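Undergrad: Heads up, the sequence shown is in the UniProt record's numbering, so the first residue is 1 and it goes up one at a time.
All residues carry an ideal CB built from backbone N, CA and C; glycine is no exception.
Quantities reported herein were computed from a predicted structural model and do not represent experimental measurements.
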Amino acid sequence: MSSLLSKSLETLKITTQQDTDDFIGRPFKLVRPKRQPHIQYYGYAASPDWLIQLVERYWPEALPDRDVKHYEDTAMTRAYELIWHWSGIVTLDTKDCFNPPKGCSVPPEWITAFDEDDEDEEFEDIDIQTIHVYSVCSDLDDSFEERPTQEEVDYMTKLFGHAPQWWVGCGIGD
1 MSSLLSKSLE TLKITTQQDT DDFIGRPFKL VRPKRQPHIQ YYGYAASPDW LIQLVERYWP
61 EALPDRDVKH YEDTAMTRAY ELIWHWSGIV TLDTKDCFNP PKGCSVPPEW ITAFDEDDED
121 EEFEDIDIQT IHVYSVCSDL DDSFEERPTQ EEVDYMTKLF GHAPQWWVGC GIGD
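1) Candidates GLU146, SER47, TYR58 and CYS137: which alpha carbon is nearest PRO33's?
2) Please check the pair PHE98 and THR74, which I expect to be a contact at CB under 8 Å, by giving their CB distance rounded to whole angstroms.
3) Tell me which residue opens and which closes the alpha helix (DSSP H) that VAL153 is part of.
4) GLN40 and GLY169: beta carbons closer than 8 Å?
5) If we count the other Cβ atoms within 10 Å of its Cβ and call it buried at 16 or more, is HIS162 buried or exposed?
6) DSSP puts GLY43 in a beta bridge; with which residues?
7) Let's see if you can read the secondary structure: which residues bound the alpha helix (DSSP H) around THR74?
8) Touching or not, the stretch 147-155 and the stretch 67-83, by the rule of three or more beta carbon pairs under 8 Å?
9) Do TYR44 and PHE160 count as a contact pair if the criterion is CB distance below 8 Å?
10) Taking buried to mean at least 16 other C-beta atoms within 10 Å of its own C-beta, is HIS70 buried or exposed?
11) Is the separation between the beta-carbon of VAL55 and that of ALA62 shorter than 8 Å?
12) Under a three-way DSSP split, which group does ASP22 fall into?
13) Residue range of the beta strand (DSSP E) that THR94 falls in?
So, in structure tokens, the structure goes:
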């Protein structure tokens, strides 16, 4: 073995899990909410209009002509790809969540209406408000443990222009 290689091996430092955690960054501090009937997601609400404008401004070449039938769906998908790339949050997801009036919890009849398998006339007249959320983690054990770093959350907060919050998922696609 060459002397240079021998010296390199002698000075080689074994990387510990602690070193790796410090380098990668620790997950941001967050208190898990009380369990709900549906999964809860921690993230940022975003309107379709805001997401479409984001892509039109920063990645217009990824969009079809505006008169194409599925323009909005394509723009929403491209917005996700752009935000995922910019944020570096590999666990970033999008979810449809309940959007109750500010300061209120999700009304039980909303959850019941979404949990029903068949059409129930009792729930037809309920105006259920939902919102599109960019989720950085959920209240499920694996997701909560894999939440992003504080730096990644700070970046997302700056991008969206508001802080994240807990949202109750509608159960669609969960």
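TA: Per the coordinate set shown:
1) CYS137
2) At roughly 26 Å, the Cβ-Cβ gap does not stay under 8 Å, so PHE98 and THR74 are not in contact.
3) Counting along the chain, VAL153 sits inside the alpha helix (DSSP H) bounded by residues 150-160.
4) yes
5) exposed
6) The bridge partners DSSP lists for GLY43 are SER135 and GLN165.
7) 71-87
8) no
9) yes
10) exposed
11) yes
12) Because the pLDDT at ASP22 is just 48, under 50, the model does not fix this residue reliably, and the value given afterwards should be weighed accordingly. DSSP places ASP22 in helix when its eight states are reduced to three.
13) 93-98
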